[in-house]
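Notes follow the structure.
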Amino acid sequence: DAKTTQPTSMDCAEGRAANLPCNHSTISGNEYVYWYRQIHSQGPQYIIHGLKNNETNEMASLIITEDRKSSTLILPHATLRDTAVYYCIVRVANTDKLIFGTGTRLQVFP
Amino acid sequence: EAQVTQNPRYLITVTGKKLTVTCSQNMNHEYMSWYRQDPGLGLRQIYYSMNVEVTDKGDVPEGYKVSRKEKRNFPLILESPSPNQTSLYFCASSWGGAYNSPLHFGNGTRLTVT
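Residue numbers (the working numbering), protein chains in the order written: chain A, -18 to 91; chain B, 12 to 125.
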């Protein structure tokens, strides 16, 4: 199964960039990397996804290494409202099953 | 407004009393899925559906049933709930297969089984 490994928690100062790493060393060539976040117990919110190339949208940037075994989500200017649990997930090969790990709890402080 | 709607938001029931949690989406999505979330275990997939009348087991399907008679609805059924099914449940949908399009999640159903 394509599994992900993330640090349990991270801190970031408000206004600074938050860089959240994710390891997915068993990812297959056609599997996408997705990032979601969850604030309190609300439903997870989609942030960004990518396959090979780096991606950027209004929320974040996604940097995927050339061998695709790891990626980094970048929140360029973190705010207090970015405090949440961030999940990096990949699709299980040959199925539509998604495996969420336990995520990274990002705490943004003033 | 495009959304996934779950009902109820909160539910307290007793062991063995059948219950249904409804999920509806208004985006004409083909893919729908149910997850449960427990402390320290993250989100675990229960069942998913690629389209009408097509359902498959996720990682933790025991004790649950689903049906997909219409594209917009994907109810989660607990025929005989037990206390270990006390959890926070999320329904999600996406266009096409989940791997190539973002999932949209509902706001969750907090279930307590006593």
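Backbone N, C-alpha and C fix where the C-beta goes; we use that ideal spot for every residue, glycine too.
- Distances from the CA of B/R55 to each of B/A103, B/T125, B/S112, B/P113 were compared; the closest alpha carbon is that of B/A103.
- Of all C-beta pairs linking the region -10 to 7 of chain A to the region 81 to 98 of chain B, fewer than three are shorter than 8 angstroms, placing the two stretches out of contact.
- The continuous stretches of beta strand (DSSP E) do not include A/I8, and DSSP gives it neither H nor E.
- Using a Cβ-Cβ cut-off of 7 angstroms, B/P50 does not count as an interface residue toward chain A, since no Cβ of chain A sits closer than that to its own.
- Taking 7 angstroms as the CB threshold, B/N118 lines the interface with chain A.
- Between the region 92 to 99 of chain B and the region 32 to 45 of chain B, the count of Cβ pairs shorter than 8 angstroms is below three; the stretches do not touch.
- Closest in alpha carbon position to B/S60, among B/H40, B/T123, B/L22, is B/H40.
- Counting other Cβ atoms within 10 Å of its Cβ, B/A13 stays below 16 and is therefore classed as exposed.
- Apart from sequence neighbours up to five positions away, the residues of its chain that approach B/N18 with a beta-carbon distance below 6 angstroms are T33, ordered along the chain.
- Residue environment analysis places A/F90 among the exposed positions, since fewer than 16 neighbouring C-beta atoms fall within 10 angstroms of its C-beta.
- In terms of beta-carbon proximity, B/F101 lines the interface with chain A, with at least one pair separated by less than 7 angstroms.
- Of the residues B/I57, B/L30, B/T97, B/V77, the one whose Cα lies closest to the Cα of B/V65 is B/V77.
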